[in-house]
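Have a look at the structure below before the remarks.
Numbering (the numbering used here), first residue to last: 3 to 60.
Set out below in structure tokens:
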């Protein structure tokens, strides 16, 4: 479904995988979400200027 919002729990899972250096493809497989979704959130996380660990601690 297009533009379906994802939960904060799912965002934290993406952040956790990114902090462990998982590839976008591996994250999408593990969490059953599209690579485009992972890529978009990764881009948003990087543009925040904070590292993944800092974002996880928010």
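Glycine residues also receive a C-beta, built at the ideal position from the N, C-alpha and C atoms.
Backbone secondary structure at residue i - three-state DSSP
i          : result
residue 6  : coil
residue 31 : helix
residue 21 : helix
Exposure label - residue i; buried when at least 16 CB within 10 Å
i          : result
residue 30 : buried
residue 8  : exposed
residue 46 : exposed
residue 17 : buried
Residue interval of the alpha helix (DSSP H) (run including residue i)
i          : result
residue 56 : 54 to 58
residue 45 : 37 to 49
Residue j beta carbon less than 8 Å from that of residue i
i          : j          : result
residue 37 : residue 26 : yes
Residues near residue i in its chain [Cβ-Cβ closer than 8 Å; skip 5 each side]
i          : result
residue 20 : 29, 44, 47 and 54
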